[in-house]
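In the numbering used here, the protein residues as written are 21 to 319.
Please read the structure below before turning to the comments.
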């Protein structure tokens, strides 16, 4: 018979509380390294890692140098787009970030769909799984983000972030958050040649098993957005940096550097135009875009 028949409500609640949720988006799914995995990692460590480290260091240092040249004498909080002569220094930077990603073992970066110009989609929204997401966008020539101010303290980060004309937000300050919403709208609706603004509307990293509720910031301007999805193709190292636990960035980078091969799929989806109701209700707009991305990712 049914084992639950006749069970008391207290027993049923206890069973339900112990059962794992069907989806756990805040768990890094990297499996433990067995004997075969340790052997493979050891071989990569000896024969491949030295070459990867050379490429890793050269790419990031050169990207930092070109970014520094572009921003030399440029105000840290400039309220106008960087002029063309400064942007010329940044021409090699996407290729350098592609090389940096390659050094992490991402030999396959499959891009599908068509990137819309800024005139059609001033804002690009991307699902967020890993710090690698940012560098994939850099490699595709999309450098302007909304980021928490703490990232400015990352080594080599300040010049690179300034070169992308990233908007910095202090998440502990309501005034800062309100100012960022205003700046997002100003840049998204400006006639000046700003780059497209890249935003991760989930607001944190997940492991790709689900798209959590989108925050409204990317949708408050009421402008068309282009959804972009990133799906990682991995066998032994989940690159997701989830903040509910799991390995840190240093551990993930080391495991990526000692993994033979990984890949990623990047899909540019059709531009989404807000309805009149969504222009006045950014949460409604955000949820429709989330559903479109979720259906594409099949999560």
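Every residue, glycine too, gets a C-beta built ideally from N, C-alpha and C.
Quick caveat: nothing in here was measured; it's all calculated off a predicted structure.
Residue i to residue j, Cα distance in whole Å?
| i | j | result |
| --- | --- | --- |
| residue 177 | residue 84 | 8 Å |
| residue 283 | residue 148 | 16 Å |
| residue 169 | residue 199 | 14 Å |
| residue 95 | residue 182 | 9 Å |
| residue 242 | residue 277 | 41 Å |
| residue 141 | residue 312 | 16 Å |
| residue 310 | residue 67 | 43 Å |
| residue 300 | residue 294 | 9 Å |
| residue 105 | residue 139 | 22 Å |
| residue 172 | residue 154 | 14 Å |
| residue 274 | residue 125 | 11 Å |
| residue 203 | residue 93 | 22 Å |
| residue 270 | residue 205 | 35 Å |
| residue 161 | residue 48 | 28 Å |
| residue 227 | residue 192 | 25 Å |
| residue 109 | residue 268 | 33 Å |
| residue 296 | residue 51 | 47 Å |
| residue 59 | residue 156 | 29 Å |
| residue 244 | residue 136 | 10 Å |
| residue 70 | residue 196 | 43 Å |
| residue 290 | residue 111 | 27 Å |
| residue 98 | residue 175 | 22 Å |
| residue 54 | residue 184 | 41 Å |
| residue 225 | residue 103 | 33 Å |
| residue 272 | residue 42 | 25 Å |
Roughly how far, in whole angstroms, is the beta-carbon of residue i from the beta-carbon of residue j, given that I think they are within contact range, below 8 Å?
| i | j | result |
| --- | --- | --- |
| residue 214 | residue 101 | 5 Å |
| residue 279 | residue 256 | 6 Å |
| residue 319 | residue 229 | 6 Å |
| residue 44 | residue 144 | Not quite, the Cβ-Cβ distance comes to about 28 Å (not below 8 Å), so this is no contact. |
| residue 146 | residue 220 | 6 Å |
| residue 258 | residue 127 | Their Cβ separation, rounded to whole angstroms, is 17 Å, which puts residue 258 and residue 127 out of contact at 8 Å. |
| residue 90 | residue 72 | With 8 Å as the limit, residue 90 and residue 72 do not qualify as a contact, their Cβ atoms being about 27 Å apart. |
Going by beta carbon distance, what residues of the same chain come within less than 8 Å of residue i, once the five residues before and after it are set aside?
| i | result |
| --- | --- |
| residue 308 | 292, 298 |
Would you call the CB atoms of residue i and residue j closer than 8 Å?
| i | j | result |
| --- | --- | --- |
| residue 236 | residue 303 | yes |
| residue 217 | residue 211 | no |
| residue 239 | residue 158 | no |
| residue 288 | residue 133 | yes |
| residue 113 | residue 150 | no |
| residue 231 | residue 317 | yes |
Between which residues of its own chain and residue i is the CB-CB distance below 6 Å, once the five residues before and five after are set aside?
| i | result |
| --- | --- |
| residue 36 | Reliability fails at residue 36, whose pLDDT of 46 lies under 50, so the model's placement of it is uncertain and the value that follows must be treated cautiously. Within the same chain, residue 36 has no close Cβ partners at all. |
| residue 21 | In this predicted model, residue 21 has a pLDDT of only 46, less than 50, meaning its place in the structure is not dependable enough to derive any value. |
| residue 61 | 278 |
| residue 285 | 130, 251 |
| residue 64 | 278, 280 |
| residue 266 | 48 |
| residue 194 | none |
| residue 248 | 144, 146, 288 |
| residue 74 | none |
Residues in the same chain with beta-carbon distance under 7 Å from residue i, minus the five sequence neighbours each way, listed in chain order, please.
| i | result |
| --- | --- |
| residue 116 | 79, 82, 83 |
| residue 57 | 256 |
| residue 180 | 83, 84, 87 |
* Asked: Counting pairs of beta carbons, one from the segment 182-194 and one from the segment 152-166, are three or more of them closer than 8 Å?
  -> Yes, the segment 182-194 touches the segment 152-166.
* Evaluate contact between the segment 109-125 and the segment 67-84, counting only Cβ atoms and requiring at least three cross-stretch pairs below 8 Å. => By the Cβ criterion, the segment 109-125 is in contact with the segment 67-84, since at least three pairs of Cβ atoms, one from each stretch, lie closer than 8 Å.
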